[in-house]
Structure formats: C-alpha cells, structure tokens
Amino acid sequence: MSSETVPEIEVLIATSLWLHSEGWRIESVSIARGPGIDTYEDKQKLRAKLSEAQVPIDHVQFNSSGADITAQKDSITWRIECKGLGGGTPQTLRNNFDRTLASTVSYFDRRNGLIVGLAMPRDYNYISLIRSKIPQALREAINLWILLYNADEKTIDAYAPNNGV
Numbered sequence: 060m061s062s063e064t065v066p067e068i069e070v071l072i073a074t075s076l077w078l079h080s081e082g083w084r085i086e087s088v089s090i091a092r093g094p095g096i097d098t099y100e101d102k103q104k105l106r107a108k109l110s111e112a113q114v115p116i117d118h119v120q121f122n123s124s125g126a127d128i129t130a131q132k133d134s135i136t137w138r139i140e141c142k143g144l145g146g147g148t149p150q151t152l153r154n155n156f157d158r159t160l161a162s163t164v165s166y167f168d169r170r171n172g173l174i175v176g177l178a179m180p181r182d183y184n185y186i187s188l189i190r191s192k193i194p195q196a197l198r199e200a201i202n203l204w205i206l207l208y209n210a211d212e213k214t215i216d217a218y219a220p221n222n223g224v
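This is the structure we're talking about:
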C-alpha cells in the first residue's frame with residue numbers, strides 16, 4: 060500500500076481482466092487523455108494484454124468519453140471509472156479523487172441491473188479518501204463497488220457495496 064506512480068492504463072487493464080475472469084463481456088473502453096499520456100500506445104497496450112488473456116476484443120468499442128469500462132452479463136451492466144496514481148501533491152490527489160468520484164456517481168440511474176464501480180490503486184491516501192468521503196449508505200444506495208488495484212500483483216480486489224474497504 061505504497062504511494063508510487065501508477066498509470067491509469069494499468070488499472071484499466073487489470074479491471075478489464077478481472078471482469079473477464081468473472082464472466083463479464085467488455086462492451087466499451089474509454090482510454091485516458093491528457094498531458095504525458097500516449098493514447099495510441101495505451102490503446103495498443105490494452106489490446107495486446109486483452110488478446111494475450113484471450114479476452115474477445117473485436118466487438119469492444121473505444122470511446123473518447125463516458126465510463127472508462129462498460130461490461131455486460133445477461134441483463135446486468137457495469138459502468139466503471141478508473142483512476143491512476145500520479146506524483147502530485149496531496150491537494151492534487153484529493154481534487155483528482157473528487158472528480159473521479161463525481162464521474163462515477165454520475166453513471167448511476169435507477170434501472171435495475173446496473174453496477175457502478177470505482178477502480179483505483181490500493182494506496183493508503185486513496186483508501187483514506189474512500190473511507191472519509193464515500194459513506195457506506197451511499198455505496199449501498201447506488202450499488203457502488205470499490206475495485207482496488209494491487210500494482211505488485213497486477214490484480215483487482217473487489218469490495219461489494221455492503222463490504223468495508
């Protein structure tokens with residue numbers, strides 16, 4: 060649980076692989092853009108990692124906006140926002156967390172069969188923010204899962220809305 064830099068694409072790849080291992084079909088992906096991010100390279104890296112794991116990618120849509128990952132199984136849909144970990148100040152981290160949380164909550168609607176997810180590195184700063192800014196009642200009300208990326212193992216630990224982080 061250290062504070063090292065973790066590119067968002069690593070979180071997105073691990074989350075996609077976790078979803079696939081749980082039987083979900085990846086429908087769409089939105090790759091981060093911005094300073095220092097090579098979107099083309101990240102897309103190629105994602106395609107390679109998913110293909111390597113035998114995840115079907117021919118039908119995956121690459122979007123420039125919306126949820127970072129949308130996945131489907133039966134009549135249930137995941138909408139997941141992913142966040143990496145930069146080397147900024149604590150204030151920058153809090154601001155980025157707040158924006159990511161706002162994006163995640165915006166995916167909620169009242170229809171049955173929607174799961175909302177927030178995927179980010181397992182970092183003590185993020186865990187502290189999750190515990191202080193996302194009440195359990197909110198997580199349960201909007202069916203918000205927390206997906207923590209273990210950078211050492213490149214795996215996801217999933218926390219259902221009724222489970223603490």
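Under the working numbering, the first residue of the sequence shown is numbered 60, with each subsequent residue one higher.
By construction, the Cβ of each residue, glycine as well, lies at the ideal position given by its N, Cα and C atoms.
Since the model is a prediction, treat every value here as computed from it, not as a measurement.
Query, Result
"If contact is defined by three or more beta carbon pairs under 8 Å, each pair taking one atom from either stretch, is the region 166-183 in contact with the region 135-150?", "yes"
"Could you check where the beta strand (DSSP E) with I68 kicks off and where it finishes?", "No beta strand (DSSP E) contains I68, which is instead part of the alpha helix (DSSP H) from E67 to S80."
"Count the other CB atoms, across all protein chains shown, that sit within 10 Å of the CB of E69; report buried if there are 16 or more and exposed otherwise.", "buried"
"Taking only the alpha-carbon atoms, compute the straight-line gap between T129 and T148 and give it to the nearest angstrom.", "31 Å"
"CA-CA distance, G143 and G93?", "13 Å"
"Indicate whether the contact test is met: 3 or more Cβ pairs, each with one atom in the region 189-203 and one in the region 114-126, closer than 8 Å.", "no"
"How many Å lie between E63 and K213 at the Cα?", "14 Å"
"Straight-line CA distance for N154 to P180?", "16 Å"
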